[in-house]
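> 2 is the number of the first residue of the sequence shown in my numbering; add one for each residue after it. Glycine is no exception: its CB is placed at the ideal position from the N, C-alpha and C atoms. Fair warning: this is a prediction, and the values are worked out from it, not measured in the lab.
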Amino acid sequence: INNDLLSKKRKNLSIKDISEEWAQLHAPKAKRIKKTRFIKTENGYQILKANNYTMEEGEKSVFSTELRNRSPSTLKVVFGKKKGRQRAGRDYDHEAHCLMCWDGGSLLCCDQCPLAFHTECLAPWQLPQKKASGASVGNSWGCPHHYCKLCARKAHEVGGLLFRCTECPSAYCEDHVPMKEARFNESGRELRFEELGQSKPTQAYFMQCGPNCIRFRETRLNKGILAAIQESQARGKGSGI
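#1: Assess, as a yes-or-no matter, whether the region 203–214 is touched by the region 95–113 under the definition of 3 or more beta carbon pairs within less than 8 Å.
#2: In or out: Ile16 buried (at least 16 other Cβ within 10 Å) or exposed?
#3: What does a CB cutoff of less than 8 Å around Phe80 pick up in its chain, not counting 5 residues either side in sequence?
#4: Look at the alpha carbon of Arg216 and the alpha carbon of Cys114, and state the distance between them as a whole number of angstroms.
#5: Which whole runs of the alpha helix (DSSP H) in the region 179–237 are 4 residues long or more, in chain order?
#6: When DSSP labels each residue in this structure, what does Lys17 get in the three-state scheme?
#7: Can you tell me where the beta strand (DSSP E) with Arg86 in it begins and where it stops?
#8: When the Cα atoms are used, what is the spatial distance from Gln231 to Ala97?
#9: Give the DSSP-derived three-state secondary structure of Cys166 in the structure shown.
#10: Shortest alpha-carbon distance to Leu112 belongs to which of Leu222, Gln199, Trp126, Ala235?
#11: When the Cα atoms are used, what is the spatial distance from Glu158 to Gly143?
#12: Nearest-angstrom Cα distance between Ala172 and Lys155?
#13: Pop quiz: Gly295 and Glu175 are said to be a contact at Cβ under 8 Å. What is the actual Cβ separation, rounded to whole angstroms?
#14: Which residue's Cα is closest to the Cα of Gly189: Glu196, Cys166, His147, Gln130?
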C-alpha cells in the first residue's frame, strides 16, 4: 500500500464519508439465531437437551452447562469483568505525559478518557471548577477533548460526535472541524488509547487537526516523542496546538 496515497485519501474525506464510516463501525450487531432447548429421543419423546445424559455420565452441573462452549472473552465476563460504561483508572490507564507539551511529571488525569495534563499547561477555565466553598463542581472532570475548541459544545449537544486530535488537546464539532487541513484516522480509531485498555468511544472520531499535528505524529511514530518535540521546538511552535 502506498502510504502517501493512503494519507491523502484520509485527509480528503468528507463529512458524509466520515458519517457513513462511523455509522458502519457502530451499527448494531445482528440478532442471534434462537436455538431450541429441546431434542427428540429415539423413542420419539421430546426432552430438554440438558436432560439428555446416560447413567454413566451423570447429570451435568449448572456451572459446567453455563460455561460450555464459552470463548475466553466471554469467560472474563462470567468471572466478574464489569460491564457497561468504561471508567478511567478502572478499565483503562491514563497516559504518562501531558498532551499539551508531551512531557511527564505531576499530571491531572481526565475522568472521562486516558488523557492527562499539567495544570500549568491548561487555561484557568479549563481546570476543574470549584465552588466558593472550595469543593469541586460535579463528580468528574472532562478535559478539552470533550468539547469543541471553537464553540465549547459537548458531544451530546452537536449530534453525538466530536473530532479529537491525537496530538494536541483540540477537539471540534462537525460545524467547526478543519476539513481541508485535518487528516482522519482509519475508522476514527486511535491504537494508542486502545492499548491502554480503552474501547473506541462512540462519541469520538480521532484525527490530526492540521499540518503541525500531522508532522508531529509522523515524526513521533518514526523517530520517537523526543525527536518530535525537538523538531517542533525548532520550528518555534508547540506540538501542533
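So, to answer that:
#1: no
#2: exposed
#3: Residue confidence for Phe80 is low, a pLDDT of 45 falling below 50, so the modelled location carries little weight; the figure read from the coordinates is stated next. Within the same chain, Phe80 has no close Cβ partners at all.
#4: 24 Å
#5: 192–195, 212–224, 226–235
#6: helix
#7: No beta strand (DSSP E) holds Arg86; DSSP gives it neither H nor E.
#8: Going by the C-alpha atoms only, they are around 19 Å apart.
#9: strand
#10: Just to set this straight, residue 112 is Asp in the shown sequence, not Leu. Nearest C-alpha to Asp112: Gln199.
#11: 15 Å
#12: Ala172 and Lys155 have their C-alpha atoms spaced approximately 10 Å apart.
#13: Examination of residue 295 is not possible in this model, given that the chain is present from 2 through 242 alone.
#14: Cys166
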